[in-house]
Every structure is written in structure tokens, then in C-alpha cells.
Amino acid sequence: MAEPPLLVDRRAGYRMITLNRPARLNAFDEAMHRALAEAIGECETDPSCRAVLFTGAGRGFSAGQDLTAQVAQPDGQQDVGAALDAYYNPLVRRLRALPFPTVAAVNGVAAGAGANLALACDIVIAARSASFIQAFARIGLVPDCGGTWFLPRLVGAARARGLTLLAEPLPAEKAEAWGLIWKVVDDAELMREAERLCAHFAQAPTVGLALTKRALDAAETNDLSAQLDLERDLQRQAGLSPDFAEGVRAFLEKRPAVFSGRGSR
Ligand code: LHQ
7 MAEPPLLVDR
17 RAGYRMITLN
27 RPARLNAFDE
37 AMHRALAEAI
47 GECETDPSCR
57 AVLFTGAGRG
67 FSAGQDLTAQ
77 VAQPDGQQDV
87 GAALDAYYNP
97 LVRRLRALPF
107 PTVAAVNGVA
117 AGAGANLALA
127 CDIVIAARSA
137 SFIQAFARIG
147 LVPDCGGTWF
157 LPRLVGAARA
167 RGLTLLAEPL
177 PAEKAEAWGL
187 IWKVVDDAEL
197 MREAERLCAH
207 FAQAPTVGLA
217 LTKRALDAAE
227 TNDLSAQLDL
237 ERDLQRQAGL
247 SPDFAEGVRA
257 FLEKRPAVFS
267 GRGSR
């Protein structure tokens, strides 16, 4: 029987989703997209899911679009934008809207859409041997999956231009030093660290974290005054969550808080 393109592991309080086409460095084909959309849908509707961990099987994280599935027409005419509309753009929008943290454990090379899908996650940790490549310029394409939006915000205009126009690999340690990712760990530590983070999120005040994500996303376009108003509104919501009451109670009782993650998120 053929290997499934995605492995989904239900852990206590979170899901681990492994891109699973290692012979092609986990490049995306339609079957993988469909499986991923379904897996994310299950996370969205399962109130016990309070974080998602993405990683890749084998030696790569993901090499982006499967180029063997993208054979150009002889006249060069093909609508690559249609693939973005059908799969990648809805995926990025959904990832960003998830009401709990997403963690990418980048175990090896992350190229093209594979790199930018990792950057769409809330926390990106990478193995020391991993690298990030904005491979698009190598094949005459434009960075997609939000790359042109994420990169300047994460690393600044000059580095965003260098990364996208030159398409050179950025080693994980440099990615950390540039602020592209949260942190680098030794290869042997990667999954342990990713699991530790997700186990932490599985017991965190999820409603407050979801609202924090919304505030940070909105800050990309708001002016300070609008952002202050938004913080007030979101704080009002967070203040009504059972986890806020528990957090304060636990503080006053000098004990660790036990957060349920419940509430509208
Ligand atoms: C692959 C791929 C791959 C198929 C490695 N496809 N087989 C969106 C919408 C629609 C259309 C177009 O694109 C997009 C967005 C995008 O993602 S565009 C960017 C697509 N990705 C790339 O251009 C990266 C292509 N891959 C590479 O440049 C290299 O493989 C990297 C630098 C990632 C890794 O190099 P190596 O470590 O030397 O590995 P390798 O090249 O030997 O790859 C291992 C195998 O994986 C190999 O197969 P083989 O049968 O020869 O062992 C590759 O053909 C296969 N593979 N990427 N995207």
C-alpha cells in the first residue's frame, strides 16, 4: 500500500502533522494538499486541540511545490496562480487564523513554498543542519505563500531582497541570528524541543494566546491609536475567559495555574 502523504498523530492537547513524501523532500502534490486541508479542518473543530506541530519526514522539511506535477505546457502557458488560489493561499490564510499556536520544526531544507509555509507558523524552530531557500528565482517564479509579506517584516527590506533575488540557502543559524525564526537547536534535540513547546501550549491559556495572535496580525496594518483600541477590545474578551480567572486565582494562591483553554476562541 502506498505511503500516506501526511502523518497525523494525536497527542495530548495537540496534533503532530508530518509531511510525508521524503523521496521528494516532502514536495507538495494535490494529495498532500487535500490531506493537509482535512487535517487542519479536524484541528479547527476539535476543542481539545490547543497547538499544531508541523515537521517533515526524512532529511527535508519541504521542497515546496512538486515540480514534477507542474510540467509546463509546450508554449509555456500555464496558470500557476490557479494553484495558489486552489491550495496554497487558503492554506496560509487558515494557518494564520488558527485559534491556537502553530509550531514548525524545520528538520532539513525548507525551499520555495515549503520555506514560506514554515514562516507562516507562529513559532519556527530549526535543526542546526536545516536551511531556508527562497528557491523561486531559480525557476523564474515570484515568492508566494506570503513570502513577500513575511520576509521584510521578519528580516528587513535589504535581507528580504537578497534572499528572494539571489535564492541562496540561508543556514538555520543565520536564520536565527537574522530574526527569521525563533531558534536553532542541535539536530538531535529538534523534536524533543518542538514537543516540549507543544506540550506547553497544550496547557496554556489558549483563548488569550488566540487573541494575542489576532492583535499581532492586526498590528501589521493598524496605527498605534487603532491598535490601542483593539487591545482594549481583545483584553475585554480575554478578561472574560475562565483561564484569566484561574490565572489570577493561582497567582494569589501561590500555585501553578491549571488552564482549561476553554472559552470562545
Ligand atoms: C523534488 C523537489 C520538488 C519534485 C526536490 N519537486 N521533486 C506554487 C504553485 C505552483 C507552481 C509552482 O510553485 C509554487 C511554489 C513553489 O514552491 S516554487 C518552488 C519549488 N521548489 C523548488 O524550486 C525547489 C526544488 N528543489 C531543489 O532546489 C533542491 O531539491 C533542494 C535545494 C531543495 C535540495 O537539494 P538537495 O539536497 O541536493 O536534494 P535533491 O535536489 O537531490 O532532491 C532530492 C530528491 O527530491 C530528488 O529526487 P531524485 O529522484 O533525483 O532523488 C529531487 O528531484 C526531489 N525533489 N525538490 N520541488
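Read in our numbering, the sequence shown has 85 at position 79, and its numbers run on one by one without any break.
Even glycine gets a Cβ: it sits at the ideal position worked out from N, Cα and C.
Starting from Gly66 and walking both ways along the beta strand (DSSP E), at which residues does that stretch end? Gly66 to Ser68
Is Tyr94 near ligand 1 - that is, is its Cβ less than 7 Å away from at least one heavy atom of it? yes
Tell me the rounded alpha-carbon separation between Ile187 and Glu9. 31 Å
Is any heavy atom of ligand 1 found at a distance shorter than 7 Å from the C-beta of Gln83? no
Measuring alpha carbon to alpha carbon, tell me which of Ala63, Glu195 and Gly47 ends up nearest Pro28. Ala63
C-alpha gap between Pro158 and Tyr93, whole angstroms: 24 Å
Just to confirm my understanding: we take Val148, look at its own chain, exclude 5 residues before and 5 after, and list those with CB closer than 8 Å. What are they? Phe142 and Thr154
For Lys219, the first and last residue of its enclosing alpha helix (DSSP H): Thr212 to Ala225
Distance, Cys55 Cα to Phe106 Cα: 8 Å
May I ask you to report which of helix, strand or coil DSSP gives Ile187? coil
Bridge partners for Gln71 per DSSP, in chain order? Phe34
Taking 7 Å as the cut-off, is the beta-carbon of Val112 closer than that to any non-hydrogen atom of ligand 1? no
beta-carbon Asp52 near ligand 1 non-hydrogen atom, thresh 7 Å: no
If you follow the beta strand (DSSP E) that Gly62 is part of, which residue opens it and which one closes it? Val58 to Gly62
Quick one: measure Cβ to Cβ for Ile139 and Val115, integer angstroms, because I've assumed they're closer than 8 Å. 7 Å
Find out if the Cβ-Cβ distance for the pair Ala178, Ala119 is shorter than 8 Å. no
Residue environment, Ala103, which counts as buried when at least 16 other CB atoms sit within 10 Å: exposed
Excluding the five sequence neighbours on either side, which residues of its own chain have a C-beta within less than 6 Å of the C-beta of Ser135, listed in chain order? Asp193
Three-way DSSP call (helix, strand, coil) for Ala111 in this model: strand
Of all the options Leu123, Asn122 and Thr170, which has the alpha carbon lying nearest to the alpha carbon of Ile145? Thr170
Beta carbon of Leu12 nearer than 8 Å to that of Thr24: yes
In angstroms with no decimal places, state the Cα-to-Cα distance between Ser266 and Thr212. 8 Å
Endpoints, the beta strand (DSSP E) within which Ala132 is located: Ile129 to Ala133
Just to confirm before moving on: does the CB-CB distance between Gly214 and Asp239 stay below 8 Å? no
Using DSSP with H/G/I as helix, E/B as strand and the rest coil, what is Phe250? helix
I'd like to confirm the pairing. Which residues does DSSP put opposite Tyr20 in its beta bridges? Arg17
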